[in-house]
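A.B. asks: If you scroll down you'll find the structure; I have some questions about it.
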Amino acid sequence: MNTYATVVLAAGKGTRMRSTLPKVLHPLAGLPLLAHVLQTVEAIPSTAAFAPFADALTSERPVVVLGQEAAQITSAFGNRCNYAMQHEQLGTGHAVLAAQSAVDALQPLPETVLVCYGDTPLVRSEILAQVLVEHVRNEATVTFLTSHTQQPSDYGRVVRDSRGHVREIVEVKRATPEQLQIQEVNSGVYCFDRVWLWSALQALPRNPAGEYYLTDLIAVAGAEERRIATVSGSLDETLGINNKVQLAEAERVLRQRILEQHMYAGVTIIDPANTYIGADVKIGADTVILPGTMISGKTVIGSWCRIGPATTIDQSTIGDRCIIRNSALEEATLEDEVIMGPFSHCRPGAHLARGVRMGNFGEVKNSYVGAETDMHHFSYIGDATVGDHVNIGAGTITSNYNGITRQKYHTTIESGAFVGCDTILVPPVTIGEQAMTGAGAVVNKDVPPHALVVGVPARLLRTLQSTDDAHAQAEGDKKE
Ligand code: UD1
Ligand code: MG
Numbered sequence: 095m096n097t098y099a100t101v102v103l104a105a106g107k108g109t110r111m112r113s114t115l116p117k118v119l120h121p122l123a124g125l126p127l128l129a130h131v132l133q134t135v136e137a138i139p140s141t142a143a144f145a146p147f148a149d150a151l152t153s154e155r156p157v158v159v160l161g162q163e164a165a166q167i168t169s170a171f172g173n174r175c176n177y178a179m180q181h182e183q184l185g186t187g188h189a190v191l192a193a194q195s196a197v198d199a200l201q202p203l204p205e206t207v208l209v210c211y212g213d214t215p216l217v218r219s220e221i222l223a224q225v226l227v228e229h230v231r232n233e234a235t236v237t238f239l240t241s242h243t244q245q246p247s248d249y250g251r252v253v254r255d256s257r258g259h260v261r262e263i264v265e266v267k268r269a270t271p272e273q274l275q276i277q278e279v280n281s282g283v284y285c286f287d288r289v290w291l292w293s294a295l296q297a298l299p300r301n302p303a304g305e306y307y308l309t310d311l312i313a314v315a316g317a318e319e320r321r322i323a324t325v326s327g328s329l330d331e332t333l334g335i336n337n338k339v340q341l342a343e344a345e346r347v348l349r350q351r352i353l354e355q356h357m358y359a360g361v362t363i364i365d366p367a368n369t370y371i372g373a374d375v376k377i378g379a380d381t382v383i384l385p386g387t388m389i390s391g392k393t394v395i396g397s398w399c400r401i402g403p404a405t406t407i408d409q410s411t412i413g414d415r416c417i418i419r420n421s422a423l424e425e426a427t428l429e430d431e432v433i434m435g436p437f438s439h440c441r442p443g444a445h446l447a448r449g450v451r452m453g454n455f456g457e458v459k460n461s462y463v464g465a466e467t468d469m470h471h472f473s474y475i476g477d478a479t480v481g482d483h484v485n486i487g488a489g490t491i492t493s494n495y496n497g498i499t500r501q502k503y504h505t506t507i508e509s510g511a512f513v514g515c516d517t518i519l520v521p522p523v524t525i526g527e528q529a530m531t532g533a534g535a536v537v538n539k540d541v542p543p544h545a546l547v548v549g550v551p552a553r554l555l556r557t558l559q560s561t562d563d564a565h566a567q568a569e570g571d572k573k574e
């Protein structure tokens, strides 16, 4: 059995980002750069390229090499990976050597070491698997990924001899003017024979820049006439992120890739150039996303919904056949067939049950709103439990925060209640089943079922005999 270890380099200072956040924690499509790389590495065994080798190649959790900001990174990724420390940032070769003991502790001892960079988040599992498979098939000492670009910028140049054999990788700082013209660049993905890798790294001298470059190993392998193989990929995949301009470019590429995945899976996106969907979002087929919409976090949206225009949804769960226009949702749950907006806001803990109609300028926070309840205009429902088939009249407010005790209190509105326009509910308070409040009531005491209360503070006017009675009264109050 041939096994491989994966080493991900993430210890660099990321100076060119001009940021206090470690480079690999910068978000791309809502996930840290390193999370993208780990996801890709974890998916190698399920790729098509890997399939023929599935019985012959196995892997362990990747070893991530960390530097000064290790604590921030380990707390973000926990035991998803193994870690190695590079105490001084002396270059990519030095960083790989820092992973030696973690790699050599793996059982069985891997024959191959796959190295990728934590700042190359667009690389796909399929191409990593191809590098791995080429490496094993060729019995190479080193195999690496290259790409071709007319703007080779700060990538290492791949120098080949007249027969096309790789001679070395030259970093920009040391490249001659002719070498700078080379359009084949190093993408920062390598497979090495493990035994050779450690001995070559230990023997590697510091370069004139005072660092140990992993890329210098290519010339070493060439001089020793070792077998060097390359795989060619597209630059879209191998874009390395060293500064905020490259971060924005990667964001553009990745967003387009995510949108395409959704479109191929049956989601209609009216204007992809103005739609932003995070890497962890799931959307059902036949849902339509209108322009100006941003969907992020672990949001799940069902089928046949209509979302947007100008809607932001973060970390929320939305059922089937919902319509959400010009609205914002955070950590909210909407069951099937909810209609929301325009201009409404569901804040954390909002749960709208099936068929709720939340019209314009509504806000719900930390509250359950029961099925088929209507709240069409200008309402705030916070820290409340609302039953089914409730009518929340225009301008109704739960006055959930008591400024004197500085505490939040709970409001309960039972099923079938009719809350008249401009009612202020002063919790803790319960509006009983089928009860009704008159327009402008300030309710600071519980209202029994079927009671009609009016005024400031609200007092019992009478008990409603039947639902018809309630509706008759409602006609006077209703404002649709
Ligand atoms: C590197 C390659 C270059 C290639 C490019 C692809 C080298 C010397 N150069 O350049 O040929 O075209 O990537 O994107 O490898 N790191 C450490 N410890 C260190 C230094 C770096 O862990 O001491 C990590 C960084 O966190 C980063 C990765 O290694 O994730 C690459 O380092 P970076 O400084 O970004 O190298 P590039 O200049 O991009
Ligand atoms: Mg880089």
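Residues are numbered in the numbering used here as their position in the sequence shown, beginning at 1, plus a constant of 94.
Using N, Cα and C, we set each Cβ at its ideal position, and we do this for glycine too.
1) Say the cut is 6 Å; is the CB of Gly327 nearer than that to a heavy atom of the ligand UD1?
2) Can you give me the C-alpha to C-alpha distance between Val197 and Ala478, rounded to a whole angstrom?
3) For the alpha helix (DSSP H) that Thr332 lies in, which residues bound it at each end?
4) Can you tell me whether Gly334 sits near the ligand MN, meaning its C-beta is under 6 Å from at least one heavy atom of the ligand?
5) By Cβ distance, which residues of its chain are closer than 7 Å to Gly185, with the 5 residues on each side in sequence left out?
6) Taking the continuous alpha helix (DSSP H) assigned at Ala129, which residues delimit it?
7) Could you check if Asp330 belongs to the surroundings of the ligand MG, using beta carbon to heavy atom distance under 6 Å?
8) Ignoring anything shorter than 3 residues or poking outside the segment 429-505, list the beta strand (DSSP E) runs there in chain order.
9) Note down, in chain order, each residue of its chain lying with its Cβ closer than 6 Å to the Cβ of Arg155, except the 5 sequence neighbours on either side.
10) When you compare only the Cα positions, how much space is there between Lys573 and Gln528?
11) Below 8 Å on the Cβ atoms is my contact criterion, and I expect Val159 with Ala129 to pass it. Report the Cβ-Cβ distance as a whole number of Å.
12) Indicate the three-state DSSP secondary structure (helix, strand or coil) for Ala545 in the structure shown.
13) Measuring alpha carbon to alpha carbon, tell me which residue in Gln183, Val102, Arg110 and Pro551 is nearest Ile335.
14) Do Lys107 and Gln166 count as a contact pair if the criterion is CB distance below 7 Å?
15) Is Gly172 helix, strand or coil when you go by DSSP?
16) Starting from the Cα of Leu221, find the closest Cα among Val135, Pro299 and Val513 and give me that residue.
17) Measuring CA to CA, which of Arg251, Leu353 and Pro121 is closest to Asp365?
18) For Gly514, does the count of other Cβ atoms within 10 angstroms reach 16, so buried, or fall short, so exposed?
19) Thinking C-alpha only, which one of Gly187, Tyr211 and Val101 is nearest Val157?
20) By alpha-carbon positions, which one of Ile395, Asp414 and Ala545 ends up nearest to Thr406?
21) Please report the residue range of the alpha helix (DSSP H) in which Leu191 lies.
22) Any heavy atom of the ligand UD1 closer than 6 Å to the Cβ of Gly316?
23) Which first and last residues belong to the beta strand (DSSP E) in which Arg251 is found?
24) CB of Val190 to nearest heavy atom of the ligand UD1: below 6 Å?
25) For the ligand UD1, I want to know if Leu46 counts as a neighbour, meaning its beta carbon is within less than 6 Å of at least one of the ligand's heavy atoms.
26) Between the C-alpha atoms of Arg218 and Ala373, what's the straight-line distance to the nearest angstrom?
27) Can you find a heavy atom of the ligand UD1 that lies under 6 Å from the Cβ of Leu103?
28) My guess is that Gly532 and Val550 are in contact by the Cβ rule of under 8 Å, so how many angstroms apart are they, rounded?
29) Give the range of the alpha helix (DSSP H) segment to which Asp310 is assigned.
30) In whole angstroms, give me the CA-to-CA distance for Val264 and Thr214.
C.D. replies: For this structure:
1) no
2) 54 Å
3) Leu329 to Thr332
4) In terms of ligand content, the structure shown lacks the ligand MN and carries the ligand UD1 and the ligand MG instead.
5) Glu305, Tyr306 and Tyr307
6) Leu127 to Glu136
7) no
8) 444-446, 451-454, 457-459, 461-463, 468-471, 474-476 and 478-480
9) Cys175 and Asn176
10) Because the pLDDT of Lys573 is 48, which lies under 50, any placement of that residue in the model is unreliable, and the question is left without a value.
11) So it is not a contact: roughly 16 Å between Cβ atoms.
12) strand
13) Arg110
14) no
15) helix
16) Looking at the sequence shown, residue 221 is not Leu but Ile. Closest by alpha carbon: Val135.
17) Leu353
18) buried
19) Val101
20) Ile395
21) Thr186 to Ala192
22) no
23) Arg251 to Arg254
24) no
25) Residue 46 lies beyond the residue range present for the chain, which begins at 95 and ends at 574; the question has no answer from this structure.
26) 14 Å
27) yes
28) Not a contact, Cβ separation roughly 10 Å.
29) Asp310 to Ala317
30) 19 Å
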